[in-house]
Amino acid sequence: MIKLRDLEYLVAIDEHKHFGKAAEACFVSQPTLSGQIMKLEDQLSLQLVERHRRSVMLTPAGETLIGKARKVLQAAEEFESTAKSLLDPLAGDLHVGMIPTLAPYLLPHIMPGLNRALPNIHFYLHENKTQNLLQELNGGKQDLLILPYLEDMDNFERYDLFDEELMLAVPTGHPFAGRENVTLEDLKGEQILTLEDGHCLRDQALGYCFSAGAHEDNRFQATSLETLRYMVASGLGITLLPKLATLNQQPDNNLHYLPFSEPVPTRKISLVIRPNYSRMEAVRAVVSDLRASLSKLAGAVD
78 MIKLRDLEYL VAIDEHKHFG KAAEACFVSQ PTLSGQIMKL EDQLSLQLVE RHRRSVMLTP
138 AGETLIGKAR KVLQAAEEFE STAKSLLDPL AGDLHVGMIP TLAPYLLPHI MPGLNRALPN
198 IHFYLHENKT QNLLQELNGG KQDLLILPYL EDMDNFERYD LFDEELMLAV PTGHPFAGRE
258 NVTLEDLKGE QILTLEDGHC LRDQALGYCF SAGAHEDNRF QATSLETLRY MVASGLGITL
318 LPKLATLNQQ PDNNLHYLPF SEPVPTRKIS LVIRPNYSRM EAVRAVVSDL RASLSKLAGA
378 VD
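All residue numbers for the sequence shown refer to this note's numbering, where the first residue is 78 and numbers rise by one.
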């Protein structure tokens, strides 16, 4: 009988491409992990791992089986989760994924309410880029995601939470700095500072900017919104920031946030789950509390 733990070791090797790092991720010694993989190979009469001096990789047989191993582990996890939910559907662990351009600005507004409303649920928060989170959701590592909804998420189920405006951030001395608002048309010919590839906000912001006739400033791409903020405050350019990221900031005489008049660029923030996810009562409770908490923010973000 194949053990689930051995499949976990195989998946860890696929993710880390290194016996030592895989063993560390599984909280076992390297000899233990290596020995169990060899036993699994003997049991299947297949070589699953190609061993090199400083790294490892899956063989073609391993590549064929790794997807099925992930599905088995996901099914086992859902089995255990469903069993726990039968005892109390509003208890247990819940892994929530969020993107870096949303998590630090939204969490202070939603976590106090969630912890009060659902005291028996232990929330584990994970921050990553959109595509990584979607892969983890599909693979069972995440229970739900809170992130800007994109067209390529149609194979997931979603609950819309709110529409967040994008603001224009400009430095003191910029021609827009003294204005109360701007239009997208005002961006025509402007150079826009952006995040690096992999951030969905980059693609959304550039979509609005390109349609308005603006151009990407290719001199530098930031890794975070805070880097973008400092670049603008230093007079290096202008950028679009989500409105949540502009709230409750320390006053900065070198930085000005300008709202857009109609049409206002926005991003739709949604809660996303896998189809046929087993813990729907918990999801409905989370969505209900999120919407209650976010209704208080409605005037600030849209």
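All residues carry an ideal CB built from backbone N, CA and C; glycine is no exception.
For residue j and residue i, believed in contact at Cβ under 8 Å, the rounded distance
i: leucine 142; j: glycine 174; result: Actually they are not in contact, since the Cβ atoms of leucine 142 and glycine 174 sit about 26 Å apart, beyond 8 Å.
i: leucine 278; j: leucine 270; result: With a Cβ gap of about 12 Å, leucine 278 and leucine 270 do not count as contacting.
i: leucine 167; j: glutamate 358; result: 7 Å
i: threonine 207; j: isoleucine 176; result: 6 Å
i: arginine 351; j: proline 319; result: That pair is no contact at about 26 Å.
i: leucine 321; j: cysteine 286; result: Incorrect: roughly 20 Å between the Cβ atoms, too far for contact.
i: alanine 291; j: glutamate 262; result: Rounded, the Cβ-Cβ distance is 10 Å, inconsistent with contact.
i: glutamate 242; j: valine 341; result: 6 Å
i: valine 149; j: leucine 214; result: At roughly 18 Å, the Cβ-Cβ gap does not stay under 8 Å, so valine 149 and leucine 214 are not in contact.
Range of the contiguous alpha helix (DSSP H) that encloses residue i
i: aspartate 280; result: 277-289
i: serine 162; result: 137-164
i: glutamine 208; result: 207-215
i: methionine 357; result: 357-372
i: methionine 308; result: 302-310
Residue span of the beta strand (DSSP E) that contains residue i, given as start and end
i: glutamate 241; result: 234-248
i: alanine 299; result: 292-299
i: glutamine 268; result: 268-272
Which of helix, strand or coil DSSP assigns to residue i
i: lysine 345; result: strand
i: tyrosine 182; result: helix
i: alanine 100; result: helix
i: glutamate 127; result: strand
i: valine 105; result: coil
i: methionine 188; result: helix
i: leucine 221; result: strand
i: isoleucine 350; result: strand
i: methionine 78; result: coil
i: histidine 93; result: helix
i: alanine 194; result: helix
i: aspartate 231; result: coil
i: serine 122; result: coil
i: lysine 116; result: helix
i: tyrosine 226; result: coil
i: leucine 87; result: helix
i: leucine 264; result: helix
i: glutamine 167; result: In the sequence as displayed, the identity of residue 167 is leucine instead of glutamine. If DSSP states are grouped into helix, strand and coil, leucine 167 belongs with coil.
i: leucine 324; result: coil
i: leucine 313; result: coil
For residue i: DSSP bridge partner residues
i: tyrosine 201; result: His172
i: alanine 337; result: The amino acid at residue 337 is misidentified as alanine; the sequence shows phenylalanine. Answer is Val259, bridged to phenylalanine 337.
i: proline 319; result: Leu243
i: leucine 332; result: Pro248
i: valine 133; result: Arg128
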